[in-house]
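**Student:** Sharing a structure below in structure tokens format, with a few things to ask.
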Amino acid sequence: MVSDYVLVHVTYNIPLAGLLTLVYWPFMTRLDWQKISTLVIISLVATIPWDSYLVRHHIWTYAPNGVTGWTLYDIPLEEVFFFIIQTYNTSLIYLTLTRRLVLPTYLGAVARKETLTGALILLFVIVIGIIALHFGDHLTYFGLIITWAGPLLLIQWLFSSGFIMAFPKMELLASVVLPTLFLWTVDTISINQGTWTVETPTKLGIQLWSGMDIEEILFFLITNIMIVFGLVCIDYAIAMATCELAQSPKAVQRFPSCFRVLAQFVTNKYHPDKRFVTNLGMAVERLVASSQSMYIGSAMFQGPLRIDLILLYSFFRVADDLVDEAQDTESARRVIEQCDQLLEAKFSHPDLFPFSPSSKEAKHFAPSELIAAIDSLPVSRLRLDHLKGLLEGFRTDLSFSAKSGSFPFVTESDLDTYSYHVASTVAASMLGLVVHHFPDHQFAVNVFLRRRVVDAGERMAQALQYTNVARDIARDAAISRVYLPTTWLKQQGLGPAGVLASPTDLRLELVRDRVLDRANFLSTSAREEIKFLPEEVQGPFLATVDSYLEIGVALRRGMKPRTLGDKLRLPLGTRLWVVYRAMALRQ
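This is the structure:
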């Protein structure tokens, strides 16, 4: 006969575990499994002796039909399974909520005062628990919870208080509160049904609602705090390892296992470079503000590769904004030349930059954000010619002149060339990083295969730029730019000057759809080669591409930006679904 406790698991805990697994499965990584496994092992080792004491001393008791009778150190196996599934469910909630976070950005925070204050508070709580145990009777269960959990929380706090204080509070709070509310509900139902009981002589007898003793409320709250803090401690170690590898000029053979990361965390003397962490934080903020699609796409990449990609994109974004927002053509041209000189200096003397002799003149006049963005570039894993290709695209932008009627995009070939400079070079740089992060993969080893995949990646990047052109017709017209080929416009009885005068002309929708058709053709023709990338890269790469292409789908459906002149932004739910689909369907 199935016990009541088994039915609790089957009715509540296991379905929740199944739902959370379904939601997070496409994003699950080797490191995630290792984190969960580590926490499960720790929870079993820490909890079994304590729980065995509670059962043997009849602080917890079970109805005759409440359990099957199989035990481990007098603990019903259903209870042992609860330790496992609680840790698993809370871990998945935490992983889901924090997947987008760039962990190294929370390093470097010094919180000595907060560490000391928190430690004193926890020591005070532990003393209260000891006093409660001394008096016993109705304070017994309360004292046992405090004296068991308090030292564990103190250890977690002393190891990672600075990281915990810097960590986003909303994610921390939600990771604790959501599973706690769920378990309070399940526990209330189970106690009212008599599945298990906290014996009256050992509890305070205070119930905040029917069937829910205050000790049980405290137990589920404090155990979920312990699980979440345990995950944050592991993420602290992972952030340190990620930061160290990202700063290293060497190729990254493979990100170490969770167990090795924890061992290195205890023995390693590495201290993160504050300037690097600060620049990375600014790069992440820039990514969030300028491109939600790129930010969500970057969250699918793992470890140091994600850091390199964020820093690379940040440089592109800074340079592009400085050129676009320059007061006049001469100022924009000066920014491009400064960028050119600073890149030369960074690649020539990476350890001396920005104080190398070759960068002093450019640095004197260059914007500080440009210097910081170039200083953060992982130049040992990039090629200078790819980055200079982007500058050629900027120079094309400067060839626009509304006064002289200069519109450089006459044919489709002109747009292809421009897209190659501003987008394909980005893809080539990105795939170059993949070579350094997966040096033993066939993509890195086989030169002919690599060329084939890079060509495909460059075509996909062109497709994204075509999508940008289709999206930003009105925004570009506002700054006297028309990226639509003149030959295409003439076929609809239009010209570049007509686009500037009336960027919402209905005939432009036909030209826009033609641009999107070209984008779809380029991306479709390149998609098959992506399967030759490392498995860890395929899904994230396609998630980023599909997030952009979905903008084209929205444009065809008639979706408009909230206000004229703004970028079209997809709803969060749409962006998440596109990423989920791409990750779930990856090879």
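Residue numbers 1 to 587, in full-length UniProt numbering, belong to the letters of the sequence shown in order.
Glycine included, C-beta positions come from ideal geometry on N, C-alpha and C.
#1: Please report the Cβ distance between residue 156 and residue 230, rounded to the nearest whole angstrom; I am assuming they are in contact, meaning their Cβ atoms lie under 8 Å.
#2: Where does residue 60 fall in DSSP's three states?
#3: Which of the three DSSP states, helix, strand or coil, is assigned to residue 115?
#4: Do residue 394 and the ligand GDP come close, with the Cβ less than 8 Å from some heavy atom?
#5: Report the residue ranges of all alpha helix (DSSP H) runs contained in full by the region 19-99; include only those spanning at least 4 residues, in chain order.
#6: Which of the three DSSP states, helix, strand or coil, is assigned to residue 442?
#7: Would you report the Cα separation of residue 394 and residue 581, rounded to the nearest angstrom?
#8: From 219, 392, 205 and 160, pick the residue whose C-alpha is nearest to that of residue 184; which is it?
#9: Closer than 8 Å is the cut-off here; do at least three beta carbon pairs connect the region 174-194 with the region 83-103?
#10: Enumerate in chain order the residues of its own chain whose CB-to-CB distance from residue 561 is below 8 Å, with the five nearest sequence positions on each side excluded.
#11: Can you tell which of 151, 160, 83 and 139 has the C-alpha that lies nearest to the C-alpha of residue 110?
#12: Would a C-beta distance cut-off of 9 Å place residue 35 and residue 258 closer than the cut-off?
#13: Just tell me which of 200, 112 and 20 has its CA closest to the CA of residue 215.
#14: Tell me whether the beta-carbon of residue 154 lies closer than 9 Å to the beta-carbon of residue 126.
#15: Which residues in the same chain as residue 55 place their Cβ atom closer than 7 Å to its Cβ, once the five residues preceding and following it in sequence are excluded?
#16: Determine, using beta carbons only, whether residue 529 and residue 445 come nearer to each other than 9 Å.
#17: Tell me, which residues are paired with residue 157 by DSSP?
#18: Quick one: using the 10 Å Cβ neighbour count with 16 as the cut-off for buried, is residue 285 buried or exposed?
#19: Give the straight-line distance between the Cα atoms of residue 345 and residue 320, rounded to the nearest whole angstrom.
#20: Take the Cβ of residue 543 as the centre, count every other Cβ of all protein chains shown within 10 Å, and call the residue buried at 16 or more, exposed below.
#21: Give the straight-line distance between the Cα atoms of residue 100 and residue 509, rounded to the nearest whole angstrom.
#22: In whole angstroms, give me the CA-to-CA distance for residue 439 and residue 252.
#23: Only counting the same chain, and skipping five residues up and downstream in sequence, which positions put a Cβ closer than 8 Å to that of residue 193?
#24: Which ranges does the alpha helix (DSSP H) cover as unbroken runs of at least 4 residues, wholly within the region 220-292, from first to last along the chain?
#25: I'd like the span of the beta strand (DSSP E) that includes residue 198, first residue to last.
#26: Using 8 Å as the cut-off, can you tell me whether the region 282-302 makes contact with the region 535-542, which would need three or more C-beta pairs spanning the two stretches below that distance?
#27: With respect to the beta strand (DSSP E) encompassing residue 492, which residues constitute its N-terminal and C-terminal limits?
#28: Measuring alpha carbon to alpha carbon, tell me which of 550, 25 and 379 ends up nearest residue 520.
#29: Could you check the C-alpha separation between residue 273 and residue 369 for me, to the nearest Å?
#30: By Cβ distance below 7 Å, which residues in the same chain neighbour residue 513 in space, the five residues on each side in sequence not counted?
#31: Rounding to the nearest angstrom, what Cα-Cα distance links residue 434 and residue 81 in this structure?
#32: One question on the structure: do residue 411 and residue 487 come within less than 9 Å of each other, judged by their Cβ atoms?
#33: Roughly how many angstroms separate the alpha carbons of residue 234 and residue 209, rounded to a whole number?
#34: Looking only at its chain, what residues have a beta carbon closer than 7 Å to the beta carbon of residue 150, apart from the 5 residues adjacent to it on each side?
#35: Should residue 421 and residue 457 be called a contact, given that it needs their Cβ atoms to be closer than 9 Å?
#36: Got a sec? Which residues, its chain only, sit under 6 Å from residue 402 by beta carbon, not counting five neighbours each side?
**Tutor:** Well, looking at it:
#1: So it is a contact: roughly 6 Å between Cβ atoms.
#2: Reduced to three states, the DSSP call for residue 60 is strand.
#3: Collapsing the DSSP output to three states places residue 115 in a helix.
#4: This structure lacks the ligand GDP; in fact it carries no ligand of any kind.
#5: You should have 30-56 and 77-98.
#6: Helix at residue 442.
#7: Approximately 34 Å, taken between the alpha carbons.
#8: Selected option, being the one with the closest Cα: 219.
#9: Taking 8 Å as the limit for Cβ pairs, the verdict is that the region 83-103 does touch the region 174-194.
#10: Same-chain partners within the cutoff: 567, 568 and 569.
#11: Of the candidates 151, 160, 83 and 139, the residue whose Cα lies closest to the Cα of residue 110 is 160.
#12: In this structure, residue 258 lies closer than 9 Å to residue 35 by Cβ.
#13: Selected option, being the one with the closest Cα: 200.
#14: It is a contact, given that the beta carbons lie within the stated cut-off.
#15: Excluding sequence neighbours, residue 55 sits near 74 and 75.
#16: No, they are not a contact pair.
#17: For residue 157, DSSP records no beta bridge to any residue.
#18: Exposed, since its Cβ has fewer than 16 Cβ neighbours within 10 Å.
#19: Each residue's alpha carbon lies about 20 Å from the other.
#20: The residue in question, residue 543, is buried, as its Cβ has 16 or more Cβ neighbours within 10 Å.
#21: C-alpha separation (whole angstroms): 35 Å.
#22: In this structure, the CA atom of residue 439 is about 8 Å from the CA atom of residue 252.
#23: If we look at residue 193 and ignore the five residues flanking it on each side, its Cβ neighbours are 4.
#24: Counting whole runs of 4 or more residues, the region 220-292 contains the alpha helix (DSSP H) stretches 258-267 and 274-290.
#25: If you look at residue 198, you'll find it in the beta strand (DSSP E) that goes 196-198.
#26: Yes, since at least three Cβ pairs between the region 282-302 and the region 535-542 fall closer than 8 Å, the two stretches touch.
#27: In this chain, residue 492 is not harboured by any beta strand (DSSP E), its DSSP state being neither H nor E.
#28: Nearest C-alpha to residue 520: 550.
#29: Answer to the nearest angstrom: the Cα atoms are 18 Å apart.
#30: Cβ neighbours of residue 513 within its own chain (closer than 7 Å, five residues either side excluded): 556.
#31: Rounded to the nearest angstrom, the two C-alpha atoms are 41 Å apart.
#32: It is a contact, given that the beta carbons lie within the stated cut-off.
#33: In a straight line, the C-alpha of residue 234 is about 36 Å away from that of residue 209.
#34: Cβ neighbours of residue 150 beyond the five flanking positions: 122, 125, 126 and 129.
#35: The Cβ atoms of residue 421 and residue 457 do not sit closer than 9 Å to each other.
#36: Residue placement at residue 402 is poorly supported in this model, since its pLDDT is 44, which falls under 50; the coordinates still yield a value, given next. Within the same chain, residue 402 has close Cβ partners 480.
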